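To convert a position in the sequence shown, counted from 1, into this note's numbering, add 77. Glycine is no exception: its CB is placed at the ideal position from the N, C-alpha and C atoms. What you are looking at is a predicted structure, and each value in this text was computed from that prediction instead of being measured. Here is the structure we will look at.
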Amino acid sequence: MWTLCGKCRMIKLPASLLPSTFMFAAASIEPAQLWSWQRATKPILGDNFHRNYSIRPQKVPSAPVPNCIVLHITPPRSTLEDRLQEEDFLDEACALAQTLGYAVPVREILRLRAIHPKTFIGKGKVVELRGLLRATDAILFINTPRLTALQQRNLKELCQTEGVKDRISVILDIFGQRARTMEAKLQVELAQCKYALSHLVRGASAGYEQQRGASGTGFMAGGGEKALELRRRQLREQSKVLQHKLKTVEKRRMEQRKHRRQPTVSLLGYTNVGKSSLLNALTHSHAVSVEDRPFETLDTTTRALFLPSVGASALLTDTVGFIRQLPLELVAAFRATLEEAVSADLLLHVRDASTLGTPLFAEQYASVDKILRDVGTPEHLKHSVVEVWNKVDLLTNKQRDQMARVLAGAKREASSPDVVLVSAQTKEGMRELVRMIGDRLVEGGFLQPAETRGADKKSSCEKDGKKHMCYSDEEGKQEVLSSRTENMSNKKAVNEVDV
């Protein structure tokens, strides 16, 4: 059946066995092995057989992207301003759904005349949504602050869908995906427990009873703890455990704060306005992930920022972004993080300058201001906030003219905050922002002023035998110096010995 080739010392097979042989070879290779097996170019299967045979890995089909129908609700008796911002709110809701990985095949604005207690929306709309959900195999996202547990259950049954989400549940899911540190995970888990506790509803499993042992007998008796009561007790116990862990983390954070000697500066603002990009641009690092999607940053990130005007460094912290109608569960869970952010020596309120002239510009400011009031921002910090208008590179000529008028009017008001125009992409206005941070920290007594203006030079970056990141005003451009600690005196001594 087979012979040994005298030229290449390989086994020669008859042509009749070739198809079955190669089928056997292909079947013996695991599909998960992502490497190629290729036959050599030598005529090992016959003198006239020169073709190359290869078994190529098959492409693994990617999982289909789930669909989500987004329905923005304009409540009854809404104001004219709310109606003008309907499209902006719908865009924001779609961005939240896409952040979770959903595709949005259908998006719609629904103006309600009245809120139905059982289904929140009318019966006719429920029938229409049921057809759309069947056709697209999607879940339903109703962009309203909160649906009751009864409304969610009724919509699932009537629309015949697996998932019905409100704004709070979507934001909680995003926070659950984005949390990286232990503290952030604990905070998100605590918020999810509180949300689940408020959405317990009697369902199919709520009628069952957990049996209990009858005292004095070996038989089981009914009337024990029901499934609904059991779940409520479990959530409450879990919340207590999470709160205890968070208090431990908070104490550790307070101890670390006591030992800090450098002043702190916090970046605050609406979500997706460019806070992380601004931190990366100021510190010349890529420590924070930057993506064009809401809540890209949940964990606080702190980096050193050198201030050439005073010849010293400050700690710059990036925090979680705010959003309109932020769930109270999240505000309570992240209170420790937010309180630490607002307790900084200087607050930088980052705003999206590209929304200037739209109702969204004022709406985002009001949302941030409300959350700052909820967490108890000190009064002296409210009056010392520096507004950083980011994304000025996206402004049109009309918006630039309008911005000039707005800033001119703000200068005439004594209570208006200082405004710095920057672009994290083009680095426009960065030196002015760094200079203002240094001046504000000196005015507040957190830093001592430099004795001479020579602190702007490169030599000031080698203070205390360390190299810092700094902006060189003398050269008129940003200069990145290594943040690696290096003893300059030892280096000088080594050079003298070599000489």
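Continuous beta strand (DSSP E) stretch holding residue i: start and end
i, result
"H321", "From DSSP, H321 is part of no beta strand (DSSP E) but of the alpha helix (DSSP H) over A304 to K335."
"E464", "V463 to N467"
"L518", "Element bounds for L518: not the beta strand (DSSP E) but the alpha helix (DSSP H), M507 to E520."
"A443", "Counting along the chain, A443 falls outside any beta strand (DSSP E), though it belongs to the alpha helix (DSSP H) covering P436 to D451."
"L344", "T341 to G346"
"S390", "A389 to D395"
"L425", "L423 to D429"
One or two residues paired with residue i in a DSSP bridge
i, result
"D495", "V463"
"H457", "H457 is not bridged to any residue."
"E490", "DSSP, once it has assigned bridges, lists no residue as partnering E490."
"I245", "Looking at the DSSP assignment, I245 forms no beta bridge with any residue, so it has no partner."
"V147", "R184 and F218"
"F399", "Y347"
"F197", "H193"
Reference residue i, options the options, closest by Cα
i, options, result
"L161", "Q479, P436 and H321", "P436"
"P182", "R188, C171 and I192", "C171"
"S493", "L312, S461 and H321", "S461"
"V350", "L157, E169 and E158", "E169"
"V463", "G199, L345 and V265", "L345"
"R338", "T360, S390, L319 and V326", "S390"
"K262", "P141, L407 and T156", "L407"
"Q269", "G522, K335 and L249", "L249"
"L384", "Q402, L359, E416 and K242", "L359"
"A409", "G240, V265 and V445", "V265"
"L405", "S386, A418 and V452", "V452"
"P143", "S316, L217, A501 and V469", "L217"
"L148", "P222, P141, G178 and R154", "P222"
"L403", "Q229, Q175 and I251", "I251"
"L209", "V247, R489 and C145", "C145"
"E205", "Y179, L232, R329 and L224", "L232"
"E456", "L424, I219, K504 and E509", "L424"
"E306", "R255, L173, S386 and V278", "V278"
"T377", "R255, K504 and V511", "R255"
Opening and closing residue of the alpha helix (DSSP H) in which residue i lies
i, result
"A172", "E163 to T176"
"L384", "That residue, L384, is in no alpha helix (DSSP H); its beta strand (DSSP E) goes T378 to L384."
"L210", "K200 to T213"
"L274", "M259 to S275"
"E234", "A226 to C236"
"L472", "Run containing L472: none; DSSP gives neither H nor E here."
"T360", "K352 to T360"
Cβ neighbour criterion (16 or more within 10 Å) applied to residue i
i, result
"T258", "exposed"
"P340", "buried"
"G201", "exposed"
"N474", "exposed"
"D429", "buried"
"G486", "exposed"
"A421", "buried"
"P194", "exposed"
"L471", "exposed"
"R334", "exposed"
"K271", "buried"
"K242", "buried"
"H321", "exposed"
"A418", "buried"
"G178", "exposed"
"K568", "Residue placement at K568 is flagged as unreliable, the pLDDT there being 39, under the threshold of 50; a coordinate-derived value is accordingly withheld."
"G522", "exposed"
"D478", "exposed"
"M513", "buried"
"E260", "buried"
"A273", "buried"
Minimum Cβ-Cβ distance from residue i to chain D less than 8 Å
i, result
"A170", "The chain inventory of the structure shown lacks chain D, comprising one protein chain alone."
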